[in-house]
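Beneath this line is the structure, given in structure tokens, with notes to follow.
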Amino acid sequence: MTSALAVCVALVYGSSSGENGSLSESKTESADQLRQENEQLEKQLSNAQQSIRALTSSLAESNAEAELFRRKYSDLALQMEALGLASASKDRAKLEQRLLAAVSDLQLAQKERDEYRDQMLRLNEAILCYLKNSQGGDARARMELETQLRSLNT
2 MTSALAVCVA LVYGSSSGEN GSLSESKTES ADQLRQENEQ LEKQLSNAQQ
52 SIRALTSSLA ESNAEAELFR RKYSDLALQM EALGLASASK DRAKLEQRLL
102 AAVSDLQLAQ KERDEYRDQM LRLNEAILCY LKNSQGGDAR ARMELETQLR
152 SLNT
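Okay, so the sequence shown: first residue is 2 according to this note's numbering, each after it adds one.
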């Protein structure tokens with residue numbers, strides 16, 4: 002009976018130590034898996050942090066560039082406004098009206114110039130006629146006047 006008891010104790014002790022062995026193996030495998038998962042997560046975290054740094058740097062550069070372009074746009078808008086072209090992109094009809102008004106003003110200026118030229122020619126002829134009919138006076142002054150009048154005709 003003692004031997005039977007010893008066999009039973011040995012069986013129970015042996016089976017419980019086997020369970021303990023399989024539990025510790027299971028814990029070791031779980032710990033290894035957790036370590037590997039932890040390493041992968043740390044790599045992912047490191048990659049994410051590098052991406053964040055690169056994106057932050059890129060964002061800062063983009064913001065600086067955007068500010069530069071905003072200033073340039075503002076300067077160009079002011080220049081266009083000063084030149085009277087601010088409405089060019091917004092209202093084409095207004096631009097066409099301004100162009101027509103400018104062409105009309107140009108035609109009026111040309112007509113005025115032609116009228117002044119004709120008036121100058123008539124004045125020139127009247128002075129020449131007066132000089133031919135007038136007697137006396139300073140011959141040198143008369144010659145200078147005739148020279149100047151002839152230069153206007155050419």
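Here a beta-carbon is modelled for each residue, glycine too, at the ideal position from N, C-alpha and C.
Worksheet item: Do you know offhand how far L96's Cα is from I53's?
Response: Locating residue 96 in the sequence shown gives position 95, where the first residue counts as 1. Locating residue 53 in the sequence shown gives position 52, where the first residue counts as 1. Cα-Cα distance, rounded: 49 Å.
Discussion item. For R143, tell me which candidate among S152, R151, L132, L153 has the shortest Cα-Cα distance.
Written reply: Reading the sequence shown from its first residue, position 142 is the one you call residue 143. When each option's Cα is compared against that of R143, the closest is L132.
Discussion item. Assuming contact is defined by CB atoms lying nearer than 8 Å, are E107 and I128 in contact in what I supplied?
Written reply: Within the sequence shown, the letter at position 106 stands for residue 107. Within the sequence shown, the letter at position 127 stands for residue 128. Here residue 107 turns out to be Leu, not Glu, going by the sequence shown. In this structure, I128 does not lie closer than 8 Å to L107 by Cβ.
Worksheet item: From N48 to E38, what distance separates their C-alpha atoms?
Response: By one-based count along the sequence shown, residue 48 stands at place 47. By one-based count along the sequence shown, residue 38 stands at place 37. If I take the Cα positions, the gap works out to 15 Å.
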